[in-house]
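Working notes, structure below.
Numbering (this note's numbering), first residue to last: 11 to 93.
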């Protein structure tokens with residue numbers, strides 16, 4: 011479990027915790043007030059993941075592929091070529 015850090019305000023949300031898990035991936039939790047909470051992971055392999063207060067999620071592989079899931083559960087994927 012990531013360690014907690016002190017709260018700090020930044021652009022519409024408050025950081026409620028952050029740290030590094032046992033795999034070395036960075037974690038950050040946020041409180042958006044009445045909108046809810048969210049978090050993100052920035053992973054060692056270059057990928058990252060967001061969980062948003064509206065229930066949507068976003069995952070990016072860090073190598074041109076991503077997936078967005080809307081609050082209703084609809085998933086869309088995209089990929090781009092680096093060539």
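Positions of the beta carbon are idealized from the N, C-alpha and C atoms, including for glycine.
Predicted, not measured: the structure shown is a model, and the values here were computed from it.
- In the DSSP assignment, residue 59 forms a beta bridge with 51, 69.
- In the DSSP assignment, residue 78 falls within the unbroken beta strand (DSSP E) covering 75-79.
- In the DSSP assignment, residue 42 falls outside any beta strand (DSSP E), carrying neither H nor E.
- With a 10 Å radius around the Cβ and a threshold of 16 neighbouring Cβ atoms, residue 65 comes out exposed.
- Following the DSSP letters along the chain, one finds residue 83 in no beta strand (DSSP E), marked with neither H nor E.
- The beta-carbon separation of residue 47 and residue 41, rounded to 5 Å, stays under the 8 Å limit for a contact.
- Within the same chain, Cβ atoms closer than 6 Å to the Cβ of residue 34 are found at 54, the five residues on either side in sequence being excluded.
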